[in-house]
Amino acid sequence: MSKQTCCSQANSCMSSETTFSADDLDLSLDDKDNTASPLIVNSYSQVYLKTESERLLLVLPAEEEMVLNMPWSEVWQELKHRLQAREQSWQAGTAVSLLAKDQLLDVRQLQTIAETLSEVNLCLEKVCTSRRQTAVAAATAGYSVEQKAVDVTLNEPSEGKTQALSLADPLYLQNTVRSGVEVRHPGTVVVLGDLNPGGIIIAAGDIFIWGRLRGIAHAGAQGNRQSRILALQMEPTQLRIANVVARAPKVPPKSFESEIAYIASEGIRLSQASDFAKTHSFSEEVGGWADSPPTNNK
Amino acid sequence: MSRIIVVTSGKGGVGKTTVTSNLGAAIAQLGRTVALIDADFGLRNLDILLGLEERVVYTALDVLSGECRLAQALVKDKRIKGLVLLPAAQNRNKESVQPEQMKKITSALTKGYDYILIDSPAGIEMGFRNAIAAATEAIIVTTPEVAAVRDADRVIGLLEAEGIHNIRLIINRVRPEMVQTNKMMSVEDVLELLAVPLVGVIPDDEKVIVATNKGEPLVIAEDYSLPALSFTNIARRLEGEKVPFMDLMAEQNNILTRIRRIFGG
Ligand SMILES: Nc1ncnc2c1ncn2[C@@H]1O[C@H](COP(=O)(O)OP(=O)(O)OP(=O)(O)O)[C@@H](O)[C@H]1O
Ligand SMILES: [Mg+2]
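Structure below.
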């Protein structure tokens, strides 16, 4: 839904490119497209800002929408110019989500974008992308990440059978997920570091934390009850698997074993991770993992 | 090469300005030249803590608007050789300065000072962005409280994203008796979570408040106190010395007697 809105906006921008000058404000009230939110920056530039249900979005063109012969730096310069020329219509420090579509962005490019935004009092917070390299770069640079396979939306958990959904390649993060960072990925997430309190990982697949898990981890976010969450040290604020939520016990049991969280018949359970695979198997009837070694007839 | 260090925290009121003023004084006492920049535009109070309020004539904004030369705006601390303050404007808000302008001023200061300490405003908005724009190092100040540590964690993430990787931690307002009875996070708890190197621990001490109100940095007070020693130790650590951390957990009395012994008091 949001994706479609963006595309149609982008098109309308491009088709009207000659009618807007740098200082033009579109103040017309006859909104042809009432459902869409107003554009804050109307420019023939392909990069633009728009608001969508209280969020401020910076939309980049998809790879095939890029105007030929327009180098990236110029596209960027263009937006920079327009942003600064305009009277600001947002509050200082407003968070911006970057819709990068299938653009390949590295850490440097992301930082340029963040710098440009900060010059006009906007703050890059989240990067939505369908490219894995861009997701990794964004996470490395400390932004929240939402990676969408082109047609999969994490927000709409599918009913019933979930195996049919194909997962994206695992996302491998080599840094601690700190407070305020949210990572979304339509596949498995592996973190070589900690998940700190205030940090969130939402994955369609499994979540592996090679460190301490103290924030919120949501595995099987599209509804897969087989998903597991594993951490070297498990002290979560909250664990979610599919649509089951578990809060941390008030006094965390001091376990120095790595633990694994999974759905059992009574809800989310924690077990010692080292021999989970040998002692548990997934039961379709129960819709969870049972303490029985995997058998050959299943 | 001079060092440009931003003092920041995320959460407000945890002691950024206290650290900037006292640490600045402590570094200057070691014989270095230090410029303090108040980047808390609109809510300046670094000048008050340093007792320099009455001597402020020009501010950073006057420099930026060409109203005065940088040298004219710098307020020299007469008690401590080598320490100057660049005051922030009181009447303008945080949005009236741009990161580029902060960089310009800071780089001009590097020509005359060994250390440039920037006192950041609370929060992670524009004022914070300005404060970190020119910095190549950061000192994170936190108190051993869950909310402060959480904000510190967020700020560390933001600094890393901005390419500032030389980040060190000061834990302020530690109360050993509360840590002992498990009512407060311990230094280890905080360090374990934030995973950045510790540069100092400052006890919660009313002498800090007294010094603040007098406008007199702790290190020049006649009565050399435990928090003053903490600041001197941090200054020495910044200078690359290996100074062992005080054992705040030992009984208060013991520490004080030990310090007195060290300083011949
Ligand atoms: N170690 C300490 N012991 C006792 N009081 C302290 C200590 N450190 C700071 N304080 C007190 O805490 C208060 C807040 O300190 P300070 O103004 O330095 O914080 P800040 O982080 O700069 O605040 P702001 O975010 O508003 O700029 C002051 O009254 C100060 O005297
Ligand atoms: Mg302050």
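If you're matching them up, the sequences are chains A and B in order.
Going by my numbering, the first residue of the first sequence is number 28, and it counts up by one from there.
Going by my numbering, the first residue of the second sequence is number 863, and it counts up by one from there.
In this text, a Cβ means the ideal position worked out from N, Cα and C, and glycines have one as well.
Practice task
Using 10 angstroms around the beta-carbon of lysine 1104/B, count the other beta-carbons present and answer buried if the total reaches 16, otherwise exposed.
Solution key: Exposed is the call here.
Handout entry: alanine 168/A - DSSP class collapsed to helix/strand/coil
Key = Three-state result, alanine 168/A: coil.
Exercise for the section: Count the C-beta pairs between the segment 1042-1050 of chain B and the segment 896-910 of chain B that are closer than 8 Å, then say yes if the count reaches three, no if not. Expected result: Result no; under three Cβ-Cβ pairs closer than 8 Å.
Handout entry: Span separating the alpha-carbon of valine 208/A from that of serine 171/A
Key = Going by the C-alpha atoms only, they are around 5 Å apart.
Practice task
Give a yes or no on whether the minimum CB-CB distance between serine 206/A and chain B is below 7 Å.
Solution key: It does; some Cβ of chain B falls within 7 Å.
Practice task
Apply the 10 Å Cβ neighbour rule to valine 1008/B and answer buried if 16 or more other Cβ atoms are within range, or exposed otherwise.
Solution key: By the 10 Å Cβ count, valine 1008/B comes out exposed.
Handout entry: Inter-residue spacing [alpha-carbon to alpha-carbon] between arginine 941/B and glutamate 1068/B
Key = Rounded to the nearest angstrom, the two C-alpha atoms are 23 Å apart.
Problem - Environment of asparagine 2/A [buried if 16+ CB atoms lie within 10 Å] - result: No answer is possible for residue 2/A: the residues shown for chain A start at 28 and end at 325.
Exercise for the section: Considering only heavy atoms of ligand 2, list every residue whose Cβ is less than 5 Å from one of them, following chain order. Expected result: Those residues, listed in chain order, are Lys878/B and Thr879/B.
Exercise for the section: Using a Cβ-Cβ cut-off of 7 Å, state whether threonine 880/B counts as contacting chain A. Expected result: Closer than 7 Å: no.
Problem - chain A residues whose Cβ lies nearer than 7 Å to that of leucine 1055/B - result: Chain-ordered, the chain A residues with CB closer than 7 Å to the CB of leucine 1055/B read Asn223.
Handout entry: Element boundaries [beta strand (DSSP E), containing isoleucine 1002/B]
Key = Here the beta strand (DSSP E) through isoleucine 1002/B covers 999-1004.
Practice task
Kindly indicate if chain B contains any beta-carbon less than 7 Å away from that of glycine 169/A.
Solution key: Closer than 7 Å to some Cβ of chain B, the Cβ of glycine 169/A qualifies, so yes.
Practice task
Taking 7 Å as the cut-off, decide whether the C-beta atoms of isoleucine 1032/B and valine 868/B are in contact.
Solution key: Contact flag unset, no.
Problem - Within chain B, partners of threonine 203/A - CB distance below 7 Å - result: The answer, in chain order, is Ala1057.
Practice task
In the DSSP assignment, find the unbroken beta strand (DSSP E) run with alanine 246/A in it and report its ends.
Solution key: Residues 243-246.
Handout entry: Residues within the segment 144-174 of chain A neighbouring chain B, beta-carbon criterion of under 8 Å
Key = For the segment 144-174 of chain A, which is checked against every Cβ of chain B, the residues closer than 8 Å are Ser145, Glu146, Asn148, Cys150, Ala168, Gly169 and Tyr170.
Handout entry: Under 7 Å from the C-beta of glutamine 960/B: neighbouring residues of chain A
Key = Here the neighbours are Glu146.
Exercise for the section: Just the chain A side, please: which residues come within less than 7 Å of isoleucine 1018/B by C-beta, in chain order? Expected result: For isoleucine 1018/B, the chain A residues whose Cβ falls inside 7 Å of its Cβ are Arg205, in order along the chain.
Exercise for the section: Could you tell me if the beta carbon of arginine 1035/B falls within a distance shorter than 6 Å of some heavy atom in ligand 1? Expected result: The answer is yes for arginine 1035/B.
Practice task
Work out the CA separation of threonine 215/A and histidine 307/A for me, nearest whole Å.
Solution key: Distance between the alpha carbons of histidine 307/A and threonine 215/A is about 20 Å.
Handout entry: serine 927/B - DSSP class collapsed to helix/strand/coil
Key = Serine 927/B: coil per DSSP, three-state reduction.
Practice task
To the nearest angstrom, report how far apart alanine 935/B and threonine 921/B are at their CA atoms.
Solution key: Roughly 6 Å between the two C-alpha positions.
Exercise for the section: Take leucine 200/A and list the residues in its own chain whose beta-carbon comes closer than 8 Å to its own, dropping the five residues that flank it on each side. Expected result: These residues qualify, in order along the chain: Val163, Ala166, Thr167, Val210, Val216, Val217, Val218, Leu219 and Gly220.
Practice task
Please confirm whether alanine 984/B and glycine 904/B have their CB atoms less than 7 Å apart.
Solution key: No. Outside cutoff.
Handout entry: Cβ pair isoleucine 1064/B, serine 1092/B closer than 7 Å
Key = Yes; because the gap between Cβ atoms is below 7 Å, this pair is in contact.
Problem - In DSSP terms, what valine 154/A is bridged to - result: BP columns for valine 154/A point to Leu125/A and Val172/A.
Practice task
Indicate, with yes or no, if ligand 1 has a heavy atom lying under 6 Å from the CB of alanine 984/B.
Solution key: At least one heavy atom of ligand 1 lies less than 6 Å from the C-beta of alanine 984/B.
Practice task
Return yes when at least one heavy atom of ligand 1 lies under 6 Å from the C-beta of valine 876/B, else no.
Solution key: Answer for valine 876/B: yes, Cβ within range of ligand 1.
Problem - Any chain A beta carbon closer than 7 Å to threonine 1022/B - result: Going by the sequence as given, residue 1022/B is glutamate instead of threonine. It does: the Cβ of glutamate 1022/B has a partner Cβ on chain A nearer than 7 Å.
Handout entry: Within chain A, partners of arginine 1030/B - CB distance below 9 Å
Key = Neighbourhood of arginine 1030/B in chain A, by CB distance below 9 Å: empty, with the nearest CB roughly 16 Å away.
Exercise for the section: Show which residues of chain A have a CB atom less than 7 Å away from the CB atom of arginine 1035/B. Expected result: Ordered by position in chain A, no residue passes the 7 Å Cβ test against arginine 1035/B, which lies about 20 Å from the chain.
Practice task
With a threshold of 16 other CB atoms inside 10 Å of the CB of histidine 245/A, please say whether the residue is buried or exposed.
Solution key: Label assigned to histidine 245/A: buried.
Problem - Cutoff 7 Å: isoleucine 67/A Cβ touching any chain B Cβ - result: Residue confidence for isoleucine 67/A is low, a pLDDT of 27 falling below 50, so the modelled location carries little weight and cannot support an answer.
Practice task
For the alpha helix (DSSP H) holding phenylalanine 903/B, just list the boundary residues, first then last.
Solution key: It is not in any alpha helix (DSSP H) - phenylalanine 903/B carries neither H nor E in the DSSP assignment.
Exercise for the section: Note down, in chain order, every chain A residue with its Cβ under 7 Å from the Cβ of aspartate 1015/B. Expected result: Those within 7 Å of aspartate 1015/B in chain A are Arg205, Ser206, Asn223 and Gly225.
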